[in-house]
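K.L.:
Handing you this structure, nothing more for now.
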Amino acid sequence: MSDTSREMNADTLATTSFETICDAFDVAFGDYAVSFSPSASFLGEMTRRRGVRFDLSVGVREGDRLVAFTLNGLGRWQGELTAYDCGTGVIPAYRGRRLTSLMLAKTVELLRAEGATQYLLEVIQANEKAIRAYRGAGFGTSRELRCWQLEELSRPASSTIAIEDNAPFDAATMASMRDCEPSWQNDDESIARAGDPHVTFTVRDDMGVAATAVLFPMTNDLAQLAVAPRARRRGFGTALLAAARERCDKPLRILNVDARDDGTNAFLAAAGATEIVRQFEMLKRLV
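Residue numbers (the working numbering): -11 to 275.
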C-alpha cells in the first residue's frame, strides 16, 4: 500500500451530499466498459430501487474531494439479511492505490454491525482484475448473468392480444410463472421500493393471468417478464416486449437475466435483442 493510500481513510457517506456522490460517480464510471453517465434523477432512482443506505455506504476523500466510493443497499435476499454493492468506483487518478480494499474492509465492519449475513455484487466478466480481487476477498461466483438491449423487435407482435397496463404488480403470480429468480435490482423488493412509477403489463386468458412484464419507463428497464408455462408459444411474451419498447424513448434494457434461463435468453435473441455484456453475480458470507 502506498504512502498516499495510508493517509486516506474510508468512512460512511451518511453526511455526504448527493451532488458530491453524483459527481464522483460520473467521473469514476466515465471510462466504464459499458457507457454509463446517469443523471442525478436516474442515479437517485437507481439507488432507491436497490435499497441503498448511505450510512452503510463508504467513501474515501482527499481533502474535500470524494475520490472513491461504494454504495451499499440492504434487504432480504434468499431469506437472509443481505447487503448489495450497488456500485464501487474509483476516479481514474486514484486507481492502483488499493482504495477498493480499504473500502471493503470498512464495508464489512459496518455490515456485520448491522446484522447482515452476506454481501452480494455483480462484476463484468471482462474485468478480470476486479474478479481476482473479489475472489481474494472471499467472494464466490453464484451465477452468470446476461444483459440485453432491444432497439426494435425483429418480428411484429400480434395486434389481437389484449394487454392491460394498469394492474398492480402481483409478486406471487409473477413468482409462479418465472423459471429463474431475478437479480437484486429486478426482484420483488426492488419493485416495491421504487419511487419511479412503473408499468405492469398483463395478458389474461381463460384461466387468469397468462403473462406479465414490469417496466420502469424513466430508466428504460424491463425489470421482469414471465409467461405462464401453459401460455407459452402463443405470442404473449412478444406482445409484452413490444408494449414495453413502445413506452420507452430509448432502447429497452433487460439486465441481468440468469444465464441458466435458456427460454428467456433464447426468446430475447429471437426477438431482436442484442447481448451487451455478461456479468458474474458474486457472494461473500459475513458470518
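Just so it is clear, CB atoms sit at the ideal spot from N, CA and C, and this is done for glycine as well.
As the structure is a prediction and not an experimental result, all values here were calculated from the model.
With residue 88 and residue 78 assumed to form a contact (beta carbons below 8 Å), what rounded beta-carbon distance in angstroms separates them?
P.N.:
As a position in the sequence shown, residue 88 is number 100, starting the count at 1. As a position in the sequence shown, residue 78 is number 90, starting the count at 1. The pair is a contact, with the Cβ atoms about 6 Å apart (cut-off 8 Å).
K.L.:
Answer yes or no: do residue 178 and residue 37 have a C-beta to C-beta separation smaller than 9 Å?
P.N.:
Numbered from its first residue, the sequence shown carries residue 178 at position 190. Numbered from its first residue, the sequence shown carries residue 37 at position 49. Against a cut-off of 9 Å, the Cβ pair of residue 37 and residue 178 comes out as a contact.
K.L.:
Roughly how many whole angstroms lie between the Cα atoms of residue 126 and residue 120?
P.N.:
As a working note, residue 126 is residue 138 in the sequence shown. As a working note, residue 120 is residue 132 in the sequence shown. The straight-line gap from Cα to Cα measures roughly 10 Å.
K.L.:
In three-state terms, what does DSSP make of residue 116?
P.N.:
If you number the sequence shown from 1, residue 116 lands on position 128. Looking at residue 116 - three-state DSSP - the assignment turns out to be helix.
K.L.:
If you run the structure through DSSP and keep just helix, strand and coil, what is residue 182?
P.N.:
Residue 182 sits at position 194 when you count from the first residue of the sequence shown. The answer is coil: DSSP assigns residue 182 none of H, G, I, E or B.
K.L.:
Straight-line CA distance for residue 99 to residue 44?
P.N.:
The sequence position of residue 99 within the sequence shown is 111, counting from 1. The sequence position of residue 44 within the sequence shown is 56, counting from 1. If I take the Cα positions, the gap works out to 7 Å.
K.L.:
DSSP three-state label for residue 139, please.
P.N.:
Position 151 of the sequence shown, counted from the start, is the residue given in the question as residue 139. Coil, per DSSP.
K.L.:
Opposite residue 272 in the DSSP bridges: which residues?
P.N.:
Position 284 of the sequence shown, counted from the first residue, corresponds to residue 272. Its beta-bridge partners are 107.
K.L.:
Given this structure, state the Cα-to-Cα distance separating residue -11 from residue 10, to the nearest angstrom.
P.N.:
Residue mapping note: residue -11 aligns to position 1 of the sequence shown, counting from 1. Residue mapping note: residue 10 aligns to position 22 of the sequence shown, counting from 1. With a pLDDT of 42 at residue -11, under the threshold of 50, the modelled position of this residue cannot be trusted, and the question is left open.
K.L.:
Using alpha carbons as the reference points, say which of 84, 108, 53, 46 lies closest to residue 63.
P.N.:
Working through the sequence shown from its first residue, we reach residue 63 at position 75. It is 108 whose Cα lies nearest to the Cα of residue 63.
K.L.:
Rank 164, 220, 201 by C-alpha distance to the C-alpha of residue 189 and give the top, closest one.
P.N.:
Here residue 189 refers to the residue found at position 201 of the sequence shown. Per the Cα distances, 201.
K.L.:
When burial is assigned at 16 or more other CB atoms within 10 Å of the CB, is residue 72 buried or exposed?
P.N.:
For this step, residue 72 is matched to residue 84 along the sequence shown. Residue 72 should be labelled buried.
K.L.:
Please report the distance separating the alpha-carbon of residue 114 from that of residue 196.
P.N.:
One-based indexing of the sequence shown puts residue 114 at position 126. One-based indexing of the sequence shown puts residue 196 at position 208. Each residue's Cα considered, the two are about 43 Å apart.
K.L.:
From residue 76 to residue 241, what distance separates their C-alpha atoms?
P.N.:
Within the sequence shown, numbered from 1, the residue matching residue 76 stands at position 88. Within the sequence shown, numbered from 1, the residue matching residue 241 stands at position 253. Each residue's Cα considered, the two are about 21 Å apart.
K.L.:
Tell me, which residues are paired with residue 96 by DSSP?
P.N.:
Translated into the one-based positions of the sequence shown, residue 96 becomes position 108. None; residue 96 has no bridge partner.
K.L.:
Of the residues 130, -4, 145, which one's Cα is nearest the Cα of residue 66?
P.N.:
If you number the sequence shown from 1, residue 66 lands on position 78. Here the closest residue by C-alpha is 130.
K.L.:
Relative to the C-alpha of residue 262, which residue among 14, 268, 243 is closest?
P.N.:
Taking the first residue of the sequence shown as position 1, residue 262 is located at position 274. With distances taken between Cα atoms, residue 262 lies closest to 243.
K.L.:
Out of curiosity, what's the CA-to-CA distance linking residue 191 and residue 248?
P.N.:
Residue mapping note: residue 191 aligns to position 203 of the sequence shown, counting from 1. Residue mapping note: residue 248 aligns to position 260 of the sequence shown, counting from 1. Cα to Cα, residue 191 sits roughly 25 Å from residue 248.
K.L.:
Just how far apart, CA to CA, sit residue 1 and residue 184?
P.N.:
Along the sequence shown, one-based indexing puts residue 1 at 13. Along the sequence shown, one-based indexing puts residue 184 at 196. About 23 Å.
K.L.:
Quick check: residue 58 and residue 167, are their CB atoms within less than 9 Å of each other?
P.N.:
Stepping through the sequence shown from its first residue, residue 58 is reached at position 70. Stepping through the sequence shown from its first residue, residue 167 is reached at position 179. Not in contact: residue 58 and residue 167 (Cβ atoms no closer than 9 Å).
K.L.:
Tell me whether residue 151 sits in a helix, a strand or coil according to DSSP, three-state version.
P.N.:
Looking up residue 151 in the sequence shown gives position 163. Three-state DSSP puts residue 151 in coil, outside helix and strand.
K.L.:
Under the DSSP definition of a beta bridge, which residues are partnered with residue 214?
P.N.:
Along the sequence shown, one-based indexing puts residue 214 at 226. BP columns for residue 214 point to 200.
K.L.:
In whole angstroms, what separates the C-alpha of residue 82 from that of residue -3?
P.N.:
For the purposes of this step, residue 82 is identified with residue 94 of the sequence shown, where counting begins at 1. For the purposes of this step, residue -3 is identified with residue 9 of the sequence shown, where counting begins at 1. Their Cα atoms are separated by approximately 13 Å.
K.L.:
Using only alpha-carbon positions, find the residue among 52, 245, 205, 18 that is nearest to residue 239.
P.N.:
Here residue 239 refers to the residue found at position 251 of the sequence shown. Among 52, 245, 205, 18, the Cα nearest to that of residue 239 is on 205.
K.L.:
On the DSSP letters alone, give me the boundaries of the alpha helix (DSSP H) that residue 15 sits inside.
P.N.:
Taking the first residue of the sequence shown as 1, we reach residue 15 at position 27. Per DSSP, residue 15 belongs to the alpha helix (DSSP H) from 6 to 16.
K.L.:
Residue 110 and residue 269 look like a contact to me (Cβ under 8 Å); what is the Cβ gap, rounded to whole Å?
P.N.:
Position 122 of the sequence shown, counted from the first residue, corresponds to residue 110. Position 281 of the sequence shown, counted from the first residue, corresponds to residue 269. Sure, about 5 Å apart at Cβ, within 8 Å.
K.L.:
Can you tell me the Cα-Cα spacing of residue 265 and residue 118, whole angstroms?
P.N.:
Against the sequence shown, residue 265 aligns to sequence position 277. Against the sequence shown, residue 118 aligns to sequence position 130. So the two alpha carbons sit approximately 16 Å from each other.
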